[in-house]
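See below for the structure under consideration.
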Amino acid sequence: EDEAQQGAALHVLLITAEHSGWKLAKFVSTVLPGFSRNAAAASTKEGTIRVNGAIAGANKVIEVGDRVEVHVEPPAETKDGPTLSAAEIISLVGERARAKILGNFAKADEVYAELTKSRVRLDDRAKTWSAPDGLKGTQTELSASDIAALRAGNKGLAKKEVDKTDKPDAAAAEAERRRQKNFKKKQAKARKELTAGIEELTATDATTEVPIDTSSVNLAAAAQVVVGEKRKSIPE
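Listed below in structure tokens is the structure:
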């Protein structure tokens with residue numbers, strides 16, 4: 013009775029070995045122009061897309077000999093989507109392939125949705141694509157060397173991003189290095205001047221003997237001792 017209410021199917025698709033093992037929603041969105049994967053999934057839930065006359069979920073795995081019956085037209089908003097040129101399709105197909113290789117499946121799904129909206133059908137097993145205006149082509153597969161180069165480039169880009177966020181700015185680091193160097197120079201100069209001053213004080217007062225070991229005492233304190241002793245030797 014439920015099947016009678018559906019009426020005759022608008023499309024009856026017989027599953028061959030080429031699509032065996034696919035999920036139902038993916039199959040419908042691939043072979044029928046105008047159906048996005050989400051639209052196909054919604055139709056399976058409503059029972060307007062069936063397998064062998066029975067309601068099936070969007071993730072049902074179809075097998076050789078199954079009959080997929082479509083009792084509904086594609087949603088109006090996707091039936092007449094925007095068209096893309098052959099160059100644009102090839103570019104998007106390549107972008108999707110690169111995203112999948114790099115494990116960026118969110119980006120790959122985004123590109124797939126854009127292609128589907130423009131009624132471009134992708135066959136990932138046959139590595140082909142086709143559009144309703146007669147355009148068709150193959151999905152170019154990257155060579156092993158191209159894949160290695162793509163992954164290496166992606167790692168290099170990721171490393172640069174880490175360097176920007178995790179390591180101090182090179183200019184700031186160089187400025188700090190110079191500041192430390194100048195500070196040490198000033199310290200060395202101050203010690204040299206202090207030592208010279210102490211030697212001058214001790215040389216001008218031969219009557220006052222104040223032993224000073226400049227290598228092991230605080231030079232500033234030693235200078236104060238010398239000055240104090242010199243003052244004591246001056247008669248009131």
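Counting from 1 along the sequence shown, just add 12 to a position and that's the residue number in the numbering used here.
Where is the CB? At the ideal position from N, CA and C, for every residue including glycine.
Of the candidates H31, I113 and H23, the residue whose Cα lies closest to the Cα of D135 is H31.
Residue pairing of R62 in beta bridges, as defined by DSSP: I67 and E81. Distance from the CA of L162 to the CA of R110, rounded to the nearest whole angstrom, comes to 8 Å. Among the bridge pairs identified by DSSP, T140 is matched with D135 and T150. Your pair K129 and A120 does not check out as a contact, with CB atoms roughly 15 Å apart and the cut at 8 Å.
An exposed status is given to F195, since fewer than 16 other beta-carbon atoms sit within 10 Å of its beta-carbon.
Residue pairing by DSSP puts H23 in a beta bridge opposite V82. Look at K35 here: in three-state DSSP terms it is strand. Looking at the DSSP output, V73 sits in a beta bridge with K35. Within the same chain, no residue comes within 6 Å of A118 by CB-CB distance, once the 5 residues on both sides are set aside. Only residues of its own chain outside the window of five on either side were considered, and among them V123 have a CB closer than 7 Å to the CB of E107, listed in chain order. V132 places its beta carbon less than 9 Å from that of L104. No residue range can be given for A29, since it is assigned to no alpha helix (DSSP H) and is classified by DSSP as neither H nor E. Annotation for S103: the continuous alpha helix (DSSP H) segment containing it runs A98 to I113.
Assignment of G209 by DSSP, reduced to helix, strand and coil, places it in the helix class.
Membership of F117 in the alpha helix (DSSP H) is indicated by the continuous run F117 to K129.
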